[in-house]
Amino acid sequence: MSDHIVPTRVYYIIFTILMVCTAITVAVAFVDLGPLNTVVALSIAVFKAVLVVLFFMHVKYSTRLTWAVVVGSVFWLGIMLALTMGDYLTRGWRTYG
Amino acid sequence: MLPEPAHPHGHGHVHHPALAHHFDNLAQQGEASTLGMWVFLVTEVLFFGGLFLVYLVYRSKYPEAFIAGSHELDVLLGGINTAVLITSSLTMALAVHAAQTGHRRTLMWLLVATMVLGAAFLGIKSVEYYHKFEEHHIPGPGFVFEKEHFANVQLFFSLYFLMTGLHALHMIIGLGIMTWMLVWSWRGIVTAEYYSPIEISGLYWHFVDIVWIFLFPLLYLLGRHG
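Line by line, the protein sequences give chains A and B.
Numbering follows my numbering, in which position 67 of the first sequence is assigned residue number 119; successive positions increment by one, without gaps.
Numbering follows my numbering, in which position 202 of the second sequence is assigned residue number 315; successive positions increment by one, without gaps.
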C-alpha cells in the first residue's frame, strides 16, 4: 500500500500535548473564572479532540472524501446542538401573552 | 512465481488473499474500509451527541444541582482515567505504525498494552461506581442526597450513569475488537500490505477516547471551583 506512514515522533508529540492539556484543564477547573470556566474547559476538550482526529486517526493524511464525512458529522452535530439550545436558552425571553 | 495463498479468480492472475473481488487493489480496499468506519463513527457522533444535548439542556435548566452533583465525583480518579485512556490511544497509534511497518511482535505487544490500559480504565471506573453505590447515589427509590436540589441531583446522576455506562460499554466492545485483532496478528493475517483491520480498529478506539475527553470536563470539572 502506498499509504502515508506517520512517524512515531508525531505520536509522541501529540501524546505529550494531550497530557499537558489534561493537566491544564484540571488545574483551571479549581480557579474561579466565572462563566469563562466552561469556555476554557470546552475549548481545551475541542482542541484535544481535533488533535486526536487529525493525527491519531490520520484524518490529516486521509482522502478528501474522509474529510467531508468527518466535517459533515461535526456540522450536523453543531446544527442539533445550536438549534436546540437556541430554543431552550431563549424561552425566558418571551415578553408577549 | 507461485504464492501459495492463491485465490483462484478464473481470469488467470493471483490476488492477495485478503483482497475482495470488487476492489482493484488493497490500497483501494483500505480506503473504502476507512471511509466505511468513518461513516459508522458519524452515527456514533450523533448517538453520543444526543446524550450531550440532553446534558446541556438540563445543565442550563438546573445549574446549581449539576454543580452539586459534580462535587460528588472523584476528580483524581477521573483525571487518572483520562491519562490512562490517552496513553491507550498512544499505544493504539503505535500499534497501527507497527502493523504498517510489518513489526508483528511489536504490534502484538502494543495491542496487549492497549487492552491492559483499557481494562485499567474499566477497573478504576468500577471503583468509582462502587463508591457511588455505597453512597446511595444510584438514581431510583434508594437514592440519597442530603444536601439541596435532591430531585435534580438525581437527574445529574441518571445522566452520569447513562453516559459513562454507554462509554464503558463501548470500551468493553473495544476490548473485544482488540482481542480479535490480536488473534489476527498472531495468525499472520495482518501484514504490512494488509494492515487495514488494525487501522479501522484504531479509529474506533480513538473515537471512544474522544467521547471521554468531553465527558471528563462536563461531568467532573465544570463548577468545581468555589
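Note that CB positions come from ideal geometry on N, CA and C, so glycine has one too.
Treat the numbers as computed from the prediction; the structure is a model and nothing was measured.
Close Cβ partners of residue i (< 7 Å) along its chain, the five nearest in sequence each way excluded
i, result
"B/E320", "The sequence shown places Phe at residue 320 of chain B, not Glu. Closer than 7 Å at the Cβ level, and outside the excluded window around B/F320, lie L154 and E157."
"B/L115", "With a pLDDT of 49 at B/L115, under the threshold of 50, the modelled position of that residue is not reliable, and no figure is offered here."
"B/S183", "L332, Y333, L335, G336 and R337"
"B/E177", "H262"
"B/E185", "H250"
"A/R85", "The question names Arg, but residue 85 of chain A is Leu in the sequence shown. Excluding positions up to five away in sequence, the list reads V92."
"B/W325", "T195, L198 and H280"
"A/W145", "none"
"B/H129", "L139, E306 and Y307"
"B/I286", "none"
Residues near residue i in its chain [Cβ-Cβ closer than 6 Å; skip 5 each side]
i, result
"A/V105", "V111"
"B/S146", "S309 and I313"
"A/V80", "V92"
"B/T204", "L223, A226 and T227"
"B/Q213", "Y308"
"B/G315", "M205 and V209"
"B/F258", "V266"
"B/G255", "H249"
"A/P87", "none"
"B/F136", "Q142"
Amino acids of chain A, ordered along the chain, whose beta-carbon sits closer than 9 Å to that of residue i
i, result
"B/E144", "D55, S114, T115, L117 and T118"
"B/R218", "Here the premise fails: no neighbours, minimum Cβ distance about 16 Å."
"B/H319", "V104, V105, F108 and M109"
"B/L230", "Those do not exist, as B/L230 stays about 12 Å from chain A at its closest Cβ, beyond 9 Å."
"B/L268", "In chain order: nothing, as chain A lies at least about 15 Å away."
"B/L169", "L133, T136, M137 and Y140"
Contacts around residue i, its chain only, beta-carbon distance under 8 Å, and the 5 residues preceding and following it disregarded
i, result
"B/V188", "Y333, L334 and R337"
"B/I237", "L190, I193, N194 and V197"
"A/T74", "K100"
"A/M53", "Note on A/M53: pLDDT 39, under 50, position unreliable in the model; no value is reported."
"A/V62", "F107"
"B/M341", "This structure leaves residue 341 of chain B out entirely; chain B is present only between 114 and 339."
"B/N138", "L132"
"B/I290", "S314, Y317 and W318"
"B/V342", "A query on residue 342 of chain B cannot be resolved here, the shown segment of chain B reaching from 114 to 339 and no further."
"B/D322", "L198, I199, S201 and S202"
Proximal residues of chain B, C-beta to C-beta of residue i below 9 Å
i, result
"A/F67", "I199, T200, S202, L203 and A206"
"A/T74", "G192, T195, A196, I199, I326 and F329"
"A/A134", "Chain B residues near A/A134: none, gap ~10 Å exceeds 9 Å."
"A/W128", "V155, V158, L159 and G162"
Beta-carbon neighbours of residue i, restricted to chain A and to distances below 8 Å
i, result
"B/L148", "T115, L117, T118 and V121"
"B/W222", "Near B/W222 there are no residues of chain A at all, since even the closest Cβ is about 14 Å away, more than 8 Å."
"B/S173", "M137, Y140 and L141"
"B/L335", "A81, N89, T90 and A93"
Under 7 Å by beta carbon: chain B residues contacting residue i
i, result
"A/L88", "Under the 7 Å cutoff, chain B gives no residues; its nearest Cβ is about 11 Å from A/L88."
"A/T60", "L207 and H210"
Under 8 Å between C-beta atoms of residue i and residue j
i, j, result
"B/R172", "B/F161", "no"
"B/G231", "B/M284", "yes"
"B/Y175", "B/H250", "no"
"B/L331", "B/Y168", "yes"
"B/A131", "B/Y307", "yes"
"B/S202", "A/F108", "yes"
"B/L328", "B/A281", "no"
"B/K245", "B/A181", "no"
"B/G163", "B/A305", "no"
"A/L103", "A/I66", "yes"
"A/L70", "B/I199", "yes"
"B/L159", "A/V121", "no"
"B/L166", "A/L133", "yes"
"B/E144", "A/T115", "yes"
Cβ-heavy atom distance, residue i to the ligand SAM, below 7 Å
i, result
"B/T304", "Absence of the ligand SAM from the depicted structure is noted, as is the absence of any ligand whatsoever, leaving it without description."
Closer than 7 Å at the beta carbon, the chain A residues around residue i
i, result
"B/H338", "A81, F82, V83, D84 and N89"
"B/W151", "T118, V121 and V122"
"B/D322", "V104"
"B/L166", "M132, L133 and T136"
"B/L316", "M109"
Contact set between residue i and chain B, taken where Cβ atoms lie within less than 8 Å
i, result
"A/T147", "Per Cβ cutoff of 8 Å: no residues; A/T147 is ~20 Å from chain B at best."
May I ask you to list, following chain order, the residues of the stretch 189-213 of chain B that have a beta carbon less than 7 Å from some beta carbon of chain C? In the structure shown, chain C does not exist; the protein chains are A and B.
Quick check: the stretch 266-280 of chain B against the stretch 289-297 of chain B, are at least 3 beta-carbon pairs closer than 8 Å? no
Which runs of the alpha helix (DSSP H) at least 4 residues long sit entirely within the stretch 248-309 of chain B? Give them in chain order. 263-299
Would you mind listing the alpha helix (DSSP H) stretches within the stretch 118-190 of chain B that are 4+ residues and don't spill past its ends, in chain order? 139-174 and 176-183
Closer than 8 Å is the cut-off here; do at least three beta carbon pairs connect the stretch 57-64 of chain A with the stretch 207-220 of chain B? yes
How about the stretch 238-257 of chain B and the stretch 273-288 of chain B: do they share at least three Cβ pairs that are nearer than 8 Å? yes
Curious, which full-length alpha helix (DSSP H) runs of at least 4 residues does the stretch 61-143 of chain A contain? 88-103 and 116-142
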